[in-house]
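2 protein chains.
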Amino acid sequence: MPAKKLTPDAVLVTALAIADRHGIEALTMRGLARELGVEAMSLYHHVASKDVLLDVMVDRVYAEIALPAPDGDWREELRRRSASVREVLRRHPWALPLMESRRSPGPANLAYHEANIACLRAAGLTPAQVAHAYAVVDAFVYGFVLQELMLPFDSGPEAAAMIRDEPWGAAVTAHPNMAWFAEHVVLAPGYTFEREFAPGLALVLDGIAESFGLP
Amino acid sequence: MPAKKLTPDAVLVTALAIADRHGIEALTMRGLARELGVEAMSLYHHVASKDVLLDVMVDRVYAEIALPAPDGDWREELRRRSASVREVLRRHPWALPLMESRRSPGPANLAYHEANIACLRAAGLTPAQVAHAYAVVDAFVYGFVLQELMLPFDSGPEAAAMIRDEPWGAAVTAHPNMAWFAEHVVLAPGYTFEREFAPGLALVLDGIAESFGLP
DNA sequence: GCACCAAACCTTACGTCGTAATGTATCGTG
DNA sequence: CACGATACATTACGACGTAAGGTTTGGTGC
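Chains as they are written, first to last, in the numbering used here: chain L, 1 to 215; chain G, 1001 to 1215.
Okay, here's the thing in structure tokens:
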């Protein structure tokens, strides 16, 4: 018997929790139902299919992003929302690869695009310039997070330990430039990949300002 | 009865062909075997598991990337290899999300990293600067390709048609800035998203040159 | 020509998945 | 108290990856 009354929102929240904790591949209708004290097929009274559940989950992720304000400093607004995107995608590591295959954008997704275009437009950019700036900022942010997610470690010391162990140890010593890089960067005290985010984003925003004559 | 002698390489090539043509989700052991005129379990005499098959496939993708030369102009070498990454990932759209989950890098993956570090090092960058430059260029390239793969259309006219149809039509008209953007960019004759690649990459490379005092 | 063996290939089976079809129980409202 | 809707359960189907074990094939030494 069900522990509580089931609602579409409860299903969504539990699905998010499972994906966050155990990865998207651990999100199965049976497992989700078990977590809710219910049988798998009962979920279909609250969710049309697993596919639209994923759509809704992705849109919920978009809703967590801090939107840029159109009346603020474009540079600071973009910086803030980019940092927010990164934080959100780190909280929901399953979301980024999933966004790729989703076809129908939810309301939060649309609101996100609207706010970004509004911010760049308010900064005085032409439509073509908005397209350029939007593309390059998002490319950097998505690509950076993708690289973070690719990393098989979560911290600097963990990275250092991995580089030393096999099979990485042999691979690194066999490649002189990787060895040089490992020694001076990865094995340097206090190194973490995430420190590359702020300077990289600043570099991109500087480039936009310079390209389009923005303050 | 098998049409030809089976080899690990034949399995790999066929697997790549299936993934390229029908997407990674269409790559099943049974389907792969059928394509090779063989039963599913026979594949396990040439490939340890589907998981290591995916590892090998990803490394084969890395092998297709044009490596930067350490003795050339760093800017041109990076530009060339970045364009190559984009082309390769567009040829194998299944590869990018897959690289994320693979844990053990193959030889081509290692050679790729080695060549990139060598190129940046030869340009005179310090280890920390190599880390910065490498991170920001790869972030841009991966992120740009990710955005391209996200796009639910393949060409400019196709994009324009989609923007006009439902459910996008209603969504766009409900958001004034998206409408403005759609009218002046997406619906403009000759627009394609891929045109954003070269200027975006140039902006990033300019930023690197300026940040680190490179020619 | 023949016995032998390893490699290549097949058959069967198990537990997983998403979900269609159908059945049962519970509850708000008359 | 009856009745119709809503919530939940059961059973079943065809897919998936692959473990375990059986069969065919081709090359080698006598």
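Using N, Cα and C, we set each Cβ at its ideal position, and we do this for glycine too.
Within the stretch 10–50 of chain L, the alpha helix (DSSP H) runs of at least 4 residues that lie entirely inside it are, in chain order, 29–35.
Against L/S211, the close residues of chain G are L1203, in the order they occur along the chain (beta-carbon pairs closer than 7 Å). Against chain G, a Cβ distance below 8 Å from L/S104 picks out P1167. L/H22 is not a Cβ neighbour of G/P1127, given a cutoff of 9 Å. Interface flag for G/P1152 against chain L is set, since a Cβ pair is found closer than 9 Å. Secondary structure of G/F1181 (DSSP, three-state): helix. Neighbours of G/Y1142 in chain L, taken as residues at a C-beta separation under 7 Å, are given in chain order as G143, L146, Q147. Only residues of its own chain outside the window of five on either side were considered, and among them D1055 have a CB closer than 7 Å to the CB of G/S1104, listed in chain order.
Residues of the stretch 83–100 of chain L that bring their beta carbon within less than 7 Å of a beta carbon in chain G comprise P97, M99, E100, in sequence order. With a threshold of 9 Å between beta carbons, L/I18 makes no contact with chain G. Contact annotation: in the stretch 1106–1139 of chain G, residues whose CB is within less than 7 Å of a CB in chain L are L1110, H1113, E1114, I1117, A1118, R1121, P1127, A1128, V1130, A1131, H1132, A1135, V1136, D1138, A1139. Assigned with DSSP and collapsed to three states, G/G1213 falls in coil, not helix or strand. Not a single CB atom of chain L sits nearer than 9 Å to the CB of G/P1068.
Between the stretch 91–106 of chain L and the stretch 1145–1156 of chain G, the count of C-beta pairs closer than 8 Å reaches three or more; the two stretches touch. Put simply, of L/A118, L/G124, L/T7 the residue whose alpha carbon is nearest the alpha carbon of L/G213 is L/G124. If you draw a straight line from the Cα of L/E194 to the Cα of L/P93, it is about 15 Å long. Scanning its chain for C-beta atoms nearer than 6 Å, with the 5 sequence neighbours on each side dropped, one finds around G/M1178 the residues V1172, in chain order. For L/V186, no alpha helix (DSSP H) segment is defined, and its DSSP state is neither H nor E. Using a CB distance cut-off of 9 Å, L/M29 does not count as an interface residue toward chain G. L/R91 and L/V58 have their C-alpha atoms some 13 Å from each other. In this structure, DSSP gives L/H92 a state outside helix and strand, which the three-state scheme calls coil. Only residues of its own chain outside the window of five on either side were considered, and among them A159, A160, I163 have a CB closer than 7 Å to the CB of L/V186, listed in chain order. For G/G1169, the enclosing alpha helix (DSSP H) begins and ends at 1168–1174. Annotation: the continuous alpha helix (DSSP H) that includes G/E1158 extends over 1156–1164. The beta carbon of G/V1130 is closer than 7 Å to those of I1117, L1120, R1121 in its chain, skipping five residues each way along the sequence. Distance between G/L1067 and G/A1015, taken at the CA atoms: about 25 Å.
Residue state for G/Y1191 is assigned as coil, using DSSP reduced to three classes. What L/M178 touches in chain G, judged by beta-carbon distance under 8 Å, is L1110, H1113, E1114, I1117, going in chain order.
For L/P215, no CB of chain G lies under 9 Å from its own CB, so it is not counted at the interface with that chain. Burial state of L/D138 is buried, judged by a 10 Å Cβ sphere holding 16 or more other Cβ atoms. The three-state secondary structure of L/D59, taken from DSSP, is helix.
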